[in-house]
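Quick note, the sequence shown lines up with residues 460 to 722 if you use this note's numbering. Note that the Cβ used here is the ideal one computed from N, Cα and C, for glycine as well. Following: one structure in structure tokens, then a few remarks.
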Amino acid sequence: MRNTSCVGKTAHVIGKEPGFVEVINVGKRFGMGTRVLEALTDLDLIIPAGDFVTIIGQSGCGKTTLLRLIAGLDHPSEGQIKVGGKLVQGTGWDRGMIFQEPRLFPWATVAHNVDLGLPDRGQDQQADQDRVMALLRLVGLEDFAIAYPGELSGGMAQRVALARALAGSPKVLLLDEPLGALDAVTRMRMQNELLRIWQTRALTMVAVTHDLDEAILLSTQIVVLSERPGTVRRVIPVDLPYPRDRTTLEFNVFRQELVGMLA
Ligand SMILES: Nc1ncnc2c1ncn2[C@@H]1O[C@H](COP(=O)(O)OP(=O)(O)OP(=O)(O)O)[C@@H](O)[C@H]1O
Ligand SMILES: [Mg+2]
């Protein structure tokens with residue numbers, strides 16, 4: 460794994476990689492007039508290409524808001540966000556997002572749901588079909604191409620959402636607690652799946668999680684946000700080799716540090 464880093468306002472980028480996702484002095488307010496809610500303030504974050512960053516922080520501190528801003532689903536009230544050096548002004552194929560719930564189209568088959576994620580679909584039907592099947596193989600669902608979302612388990616549905624997000628060949632994958640609703644065993648399998656896809660596809664991952672072990676298992680850097688209005692409180696580089704073992708002493712040192720910060 461290369462030596463990369465994401466940093467808060469007062470820190471600087473370690474290593475040779477320039478920032479791929481740059482969140483520069485971002486603030487976000489919701490509402491109007493006297494009913495204004497400040498969700499994010501003065502938030503700086505530099506994420507180099509290829510990092511797996513997890514974002515943790517209390518409920519309501521602005522984690523989803525931050526992902527939505529990077530995705531271009533919403534706009535900052537202050538500051539700016541760049542991806543690959545380009546100002547984010549809306550959604551784009553360079554970014555894929557996976558939400559807490561799979562958000563599949565219930566009327567479409569698994570294959571059709573993934574097909575809808577292809578940026579240039581419809582030009583060559585055989586090529587589209589091949590790409591969809593390759594994505595379904597990647598997430599282990601090639602046998603469920605003609606199933607409907609209602610026939611899938613929660614973990615399978617999230618894997619379809621993952622395949623659909625990857626269909627656009629994004630450079631950055633934004634994950635908002637995608638494994639939150641899964642049972643412990645499925646969750647562990649999905650964590651391994653995410654790591655495999657990250658490592659084989661050279662993606663930059665930005666994931667929100669409430670699970671401290673998950674953050675340590677997956678990420679190169681853990682960003683701890685403050686209470687609302689959210690800003691970067693701490694960035695913790697996790698320099699353990701992959702695959703990580705949550706029973707080791709080193710793993711527990713990170714766990715203790717995070718518990719100490721959030722308790
Ligand atoms: N569209 C919106 N309109 C008004 N307020 C909003 C909107 N979206 C988010 N907020 C407010 O912004 C704050 C941050 O919300 P956000 O969903 O980003 O928190 P979060 O850190 O993701 O929380 P959780 O861990 O519970 O998912 C909250 O106080 C929320 O009420
Ligand atoms: Mg949220």
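How many Å lie between residue i and residue j at the Cα?
| i | j | result |
| --- | --- | --- |
| methionine 556 | threonine 493 | 32 Å |
| methionine 664 | leucine 595 | 20 Å |
| threonine 707 | methionine 491 | 50 Å |
| threonine 568 | alanine 606 | 5 Å |
| asparagine 462 | tryptophan 566 | Because asparagine 462 carries a pLDDT of 39, less than 50, the predicted location of this residue cannot be relied on, and no value is offered for it. |
| arginine 705 | asparagine 651 | 13 Å |
| asparagine 484 | isoleucine 681 | 19 Å |
| valine 598 | valine 495 | 42 Å |
| glycine 689 | proline 637 | 21 Å |
| aspartate 587 | aspartate 579 | 9 Å |
| asparagine 572 | valine 591 | 9 Å |
| leucine 721 | threonine 668 | 13 Å |
| glycine 509 | glycine 639 | 24 Å |
Using the beta-carbon count (16 or more within 10 Å), is residue i buried or exposed?
| i | result |
| --- | --- |
| valine 718 | exposed |
| arginine 655 | exposed |
| glycine 478 | buried |
| tryptophan 657 | buried |
| glycine 799 | Only positions 460 to 722 of the chain appear in this structure, which leaves residue 799 out of reach. |
| lysine 545 | exposed |
| leucine 676 | buried |
| arginine 562 | exposed |
| asparagine 711 | exposed |
| phenylalanine 564 | exposed |
| threonine 550 | exposed |
| glutamate 673 | buried |
| valine 644 | exposed |
Should residue i be listed as close to ligand 1, given that the test is whether its C-beta is under 7 Å from any heavy atom?
| i | result |
| --- | --- |
| phenylalanine 731 | The structure shown has nothing for residue 731, since the chain only spans 460 to 722. |
| serine 536 | no |
Given the structure, does residue i come close to ligand 2, in the sense that its CB is under 7 Å from one of the ligand's heavy atoms?
| i | result |
| --- | --- |
| aspartate 533 | no |
| valine 631 | no |
| aspartate 587 | no |
| aspartate 670 | no |
| valine 665 | no |
| aspartate 635 | yes |
Taking 8 Å as the CB-CB cut-off, is residue i touching chain B?
| i | result |
| --- | --- |
| asparagine 484 | Absent from the structure: chain B. Only one protein chain is present. |
Assuming residue i and residue j are in contact, meaning their beta carbons sit under 8 Å apart, how far apart are those beta carbons, in whole angstroms?
| i | j | result |
| --- | --- | --- |
| aspartate 503 | valine 482 | 6 Å |
| serine 678 | phenylalanine 511 | 5 Å |
| alanine 624 | glycine 576 | 7 Å |
Got a sec: does ligand 3 put a non-hydrogen atom nearer than 7 Å to the Cβ of residue i?
| i | result |
| --- | --- |
| threonine 513 | As presented, the structure is devoid of ligand 3, carrying ligand 1 and ligand 2 as its sole ligands. |
Quiz item: Closer than 5 Å from C-beta to any heavy atom of ligand 1: which residues, in chain order?
Solution: Phe489, Ala498, Ser518, Gly519, Cys520, Gly521, Lys522, Thr523 and Thr524
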